[in-house]
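The next block holds one structure in the form of structure tokens; read it before the comments.
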Amino acid sequence: MNTTVRNDKNNFFSEWLEKLQQESWQLELLISGLALFGIWESQSVIRRLGYYIDVNASSAYEGYGNIIVFTLWAAWGIFLINLLLHIIIRGLWIGAIGLRYVSGDIDFDKLDYSERFSRFLKKKIGSFDNYIERLEKLSSVLFSFTFLLVFMFVSFVVLNAIFALMVKVILNLAEDPEDLQGAVTAFGFLFYGLGLIVLVDFFTMGAFKKVNDRSFSLIYFYVYRLYSTISLSFIYRPLLLNFIDSKYTRRLFFLAIPYMLMILFLGRGVSLERHGFFPDFRAREFRTSIANQSANWRYYDDKRIEHNATFVDGDRMPPKTPINRFSLTSFEVEGDLLQLFIDYRSNHHNKLEEDGLTPFRKHGLKHSLFFPGRNRLPEIKRLDSIEAASIRVFNRVARGRMQEADIASYPTMEEDIKYWMSLEEDDLKYEKSQLRTRYDNLKEIEITKQLENTKKSIIDRYQYWIDDRQLSVSESLFYEHPNLHEKGIMVYLPLDSIPSGVQRFEIRYASDGSQLLSLPFLLKR
Numbered sequence: 005m006n007t008t009v010r011n012d013k014n015n016f017f018s019e020w021l022e023k024l025q026q027e028s029w030q031l032e033l034l035i036s037g038l039a040l041f042g043i044w045e046s047q048s049v050i051r052r053l054g055y056y057i058d059v060n061a062s063s064a065y066e067g068y069g070n071i072i073v074f075t076l077w078a079a080w081g082i083f084l085i086n087l088l089l090h091i092i093i094r095g096l097w098i099g100a101i102g103l104r105y106v107s108g109d110i111d112f113d114k115l116d117y118s119e120r121f122s123r124f125l126k127k128k129i130g131s132f133d134n135y136i137e138r139l140e141k142l143s144s145v146l147f148s149f150t151f152l153l154v155f156m157f158v159s160f161v162v163l164n165a166i167f168a169l170m171v172k173v174i175l176n177l178a179e180d181p182e183d184l185q186g187a188v189t190a191f192g193f194l195f196y197g198l199g200l201i202v203l204v205d206f207f208t209m210g211a212f213k214k215v216n217d218r219s220f221s222l223i224y225f226y227v228y229r230l231y232s233t234i235s236l237s238f239i240y241r242p243l244l245l246n247f248i249d250s251k252y253t254r255r256l257f258f259l260a261i262p263y264m265l266m267i268l269f270l271g272r273g274v275s276l277e278r279h280g281f282f283p284d285f286r287a288r289e290f291r292t293s294i295a296n297q298s299a300n301w302r303y304y305d306d307k308r309i310e311h312n313a314t315f316v317d318g319d320r321m322p323p324k325t326p327i328n329r330f331s332l333t334s335f336e337v338e339g340d341l342l343q344l345f346i347d348y349r350s351n352h353h354n355k356l357e358e359d360g361l362t363p364f365r366k367h368g369l370k371h372s373l374f375f376p377g378r379n380r381l382p383e384i385k386r387l388d389s390i391e392a393a394s395i396r397v398f399n400r401v402a403r404g405r406m407q408e409a410d411i412a413s414y415p416t417m418e419e420d421i422k423y424w425m426s427l428e429e430d431d432l433k434y435e436k437s438q439l440r441t442r443y444d445n446l447k448e449i450e451i452t453k454q455l456e457n458t459k460k461s462i463i464d465r466y467q468y469w470i471d472d473r474q475l476s477v478s479e480s481l482f483y484e485h486p487n488l489h490e491k492g493i494m495v496y497l498p499l500d501s502i503p504s505g506v507q508r509f510e511i512r513y514a515s516d517g518s519q520l521l522s523l524p525f526l527l528k529r
């Protein structure tokens, strides 16, 4: 009885799927259209994520963040191109069906072509129904092929990310990472060697799974299961197996890797060059020479805004460009102060730690609920401890529990205790508030000292020159730049003795005086 009911359910489900797949083109078009709209609009989300990682990620996590952004952009490109092709082919299929209703099949006799061309076209094209069927197959397969491509790419990225994470764990086991370089190399050969075997099996459509040797099957089974799990390939394996068991879809499978590489690298790498004699601002070679003869928009707030505004499409928000270490407020400067923003970077963090400064917040990942990441300065902790002890003693005095004989137990507070014991009850309440204010002021002084030392450590890494004149910093402020909320220092440099006209502002390393950056600006009086 149970078997009969189960068979009836299976038959009903199979019939339902058969009917659904005949009508699936409507769902395909609907999903493709909505997905294309969402994918196109998601550019700003991915871009903002990239901005956030550029601005906020520490050096230890920046690589992982960039991998995530790269994966999202790759998936975005695959979805955009494939779904656009799907809509075009499906639209062509619908147009062909409409034409068939009006014109029927292709009548080669009415075309009156020569025998050679008629024979060739009949062989290549066949009937119009065959053409419609080929369009139907291609559009249906292309929809699922899109998701297969994305899953395969994500598997590749996850596999490499897990290897990088495991290497980091291995290196953290030793005080000196150099001691484990040999172990890391051996692990890399083992990890990618076994992965290569699984990859060969993947592209030969299971050649190693067909080996009947019991020992080999047992060993390879566990290797296969391991890489299947860590690469997440078990998620799309049914889709993959259904792809390679058919001759028609198998052809697309073999095109997956070259097609994916073409989308990822060829599309982004192709450009049209028509300014051969114009310097490339991004060139690594002759960077100093090019900078000395150029005004790069990346280093001026106003020029960066103007540059990004040229890419605004309709009501879209203009894209942003992260600040590249330094940025002048304006190319044209009016008045006697030059404003320079210094972006706070990981190398600044390392230098501050070398200078013995304690960060206000702990570096790295945090969670606002479980790991808020707050960090108290050693001097503040010391003052907190002294304040707590002082409050406890003060409370003993206020409650009348302090005797003359007890004063000797608190040698550092002897004068304060005697003063408190001489006060009336109303004066004691005021004195308690004054006691807290006194320690708050001491903490304020320590915080101010820390902030000043932080700014000085960053600013003093560089020298600031115009021609042969070295400029001294007249004022500096912590600043969160409105560009992408980059955090850093805004430095004000006096220009009293600088004549008007085009001037060249140079930033040099204080350690050896070598030039780091050269920025022209127009000084107006």
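FYI, in the working numbering the residues of the sequence shown are 5 to 529. Quick reminder that beta carbons are idealized off the backbone N, C-alpha and C, glycines included.
As DSSP reads the structure, L332 sits in a beta bridge with Y304, L344. Taking 9 Å as the cut-off, the Cβ atoms of Q343 and V171 do not count as close. Annotation: the continuous beta strand (DSSP E) that includes Q474 extends over 473 to 475. Of the residues assessed, D205 falls on the buried side of the cut-off, its CB having 16 or more other CB atoms within 10 angstroms.
Below 8 Å, enough C-beta pairs join the region 481 to 494 and the region 347 to 364 to call them touching: three or more. The three-state secondary structure of G492, taken from DSSP, is strand.
The residue among I390, E391, W424 with its C-alpha nearest the C-alpha of M406 is W424. The beta carbons of V162 and S235 sit about 6 Å from each other, so the pair counts as a contact at 8 Å. DSSP, reduced to helix, strand and coil, places V173 within a helical segment of the structure shown. Residue environment: F220 is assigned as exposed (fewer than 16 neighbouring CB atoms within 10 Å of its CB, all protein chains considered). The residue among S144, I129, L361, N164 with its C-alpha nearest the C-alpha of I462 is L361. Less than 9 Å divides the Cβ of L475 from the Cβ of Y468. In terms of Cβ geometry, F207 and S334 do not form a close pair [threshold 9 Å]. Closest by C-alpha distance to T253, out of L142, G186, V215, L356, is L142. Judged by DSSP in its simplified three-state form, Q297 adopts coil rather than helix or strand.
Along the region 193 to 276, the alpha helix (DSSP H) occurs as fully enclosed runs of 4 or more residues at 218 to 234, 241 to 248, 251 to 258, 260 to 265, listed in sequence order. In the displayed model, F482 falls within a strand according to three-state DSSP. The beta carbons of R508 and D471 sit closer together than 9 Å. The beta carbon of I395 lies closer than 6 Å to none in the same chain, with the five residues before and after it left out. If you look at K433, you'll find it in the alpha helix (DSSP H) that goes 429 to 463. Here the alpha carbons of Y56 and V173 stand approximately 26 Å from one another. Here the alpha carbons of F74 and R255 stand approximately 28 Å from one another. Proximity to I35 across F147, D109, Y117 peaks at F147, based on C-alpha coordinates. Cβ neighbours of P326 within its own chain (closer than 8 Å, five residues either side excluded): Y55, D58, V59, N487, L488, E490. Per the coordinates, the alpha-carbon of T233 lies some 30 Å from the alpha-carbon of V49. With a beta-carbon spacing of about 6 Å, V397 and M417 fall inside the 8 Å limit used to define contacts. L87 counts as buried, since no fewer than 16 other beta carbons sit within 10 angstroms of its beta carbon.
Between the region 113 to 122 and the region 91 to 104, the count of C-beta pairs closer than 8 Å stays below three; the two stretches do not touch.
Residue burial annotation: N300 is buried, with at least 16 other C-beta atoms found within 10 angstroms of its C-beta.
Restricting attention to R465, L499, L527, S478, the CA atom closest to the CA of G517 is found in R465. The beta carbons of F121 and L243 sit no closer together than 9 Å.
DSSP lists E336, V506 as the beta-bridge partner residues of L526. The C-beta of F345 has 16 or more other C-beta atoms within 10 Å across all chains shown, which makes the residue buried. Minimum Cα-Cα distance from I449 among the listed residues E391, D431, E383 corresponds to E383. For E429, the closest of R403, I411, G210 by C-alpha to C-alpha distance is R403. Here the C-alpha atom of L230 lies approximately 15 Å from the C-alpha atom of F212.
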